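Taking it in order: structure first as structure tokens, then the write-up.
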Amino acid sequence: MVSLRELRPFLPDDLWQVMKKYAGEYNLNPVRYARKARAYWLRKRPVCFFCKGPFEEVAHKIPHTKGVDQFGFNSDFLVMLWNTLPTCKSDNALAEWKDDQITRFKRGLREKLELAKNLGPNRGHENSTQNKGPPPDRRA
Ligand SMILES: [Zn+2]
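Set out below in structure tokens:
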């Protein structure tokens, strides 16, 4: 099982600033095909998530370009299965989250990452004491 931190859900801040500023102008968002997701849903559940009609398209909860440029998600994170649903053509748009839902999701992820950072096995005590008040009293 891959940890949340290993998934690197967010772009580094400096890269996100560049994407926000230039992605549209210089066409920096690559077209990514949801081949893996398509194969998965065909095998697992080849019906529309909403109307149970035939599966025609892979829909994305967080649209790729918006997710990268506007919200700072890592492109690789958005092409993963969790972000997809099987739909028919006419219900594709129903899968898309509203901006405030994306914002809440992002906030929750950041909190989980912070927690993982503080509890993670790669962090020594130098960090665990830094964030939790004064160091232990050594006079005793
Ligand atoms: Zn449908």
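Count along the sequence shown starting at 1, add 2, and that's the number in this note's numbering. For each residue, glycine too, the CB sits at the ideal point set by N, CA and C. Every value quoted in this text rests on a predicted model; they were computed, and no experiment measured them.
Taking non-hydrogen atoms of ligand 1 into account, the C-beta of D102 is found less than 6 Å away from none of them. By the Cβ rule, the region 8-25 does not count as touching the region 33-45, because fewer than three pairs are nearer than 8 Å.
Environment of ligand 1, chain-ordered: C50, F52, C53, G55, C90, D93, taking every residue with Cβ within less than 5 Å of a heavy atom.
From the listed residues G110, G55, E113, M82, the smallest Cα separation to V4 is found for M82.
Beta bridge pairing from DSSP links A61 with L87. The Cβ-Cβ distance between E59 and T86 does not fall below 7 Å. Between the alpha carbons of C53 and R37 lies a gap of roughly 23 Å. For F79 against R10, the beta-carbon gap comes to about 7 Å, under 8 Å, which counts as contact. Shown here, V70 sits in a helix according to DSSP, grouped into three states. Of the residues assessed, A95 falls on the exposed side of the cut-off, its CB having fewer than 16 other CB atoms within 10 angstroms. Nearest C-alpha to K63 among K114, D101, P48, R7: D101. Relative to E27, the option among H66, F57, L13, D71 whose CA is nearest is D71. Secondary structure note for D93: it is in no alpha helix (DSSP H), with a DSSP letter that is neither H nor E. Taking A25 as the centre and dropping the five residues before and after it, the same chain places the C-beta of N31, D71 closer than 6 Å to its C-beta, in chain order.
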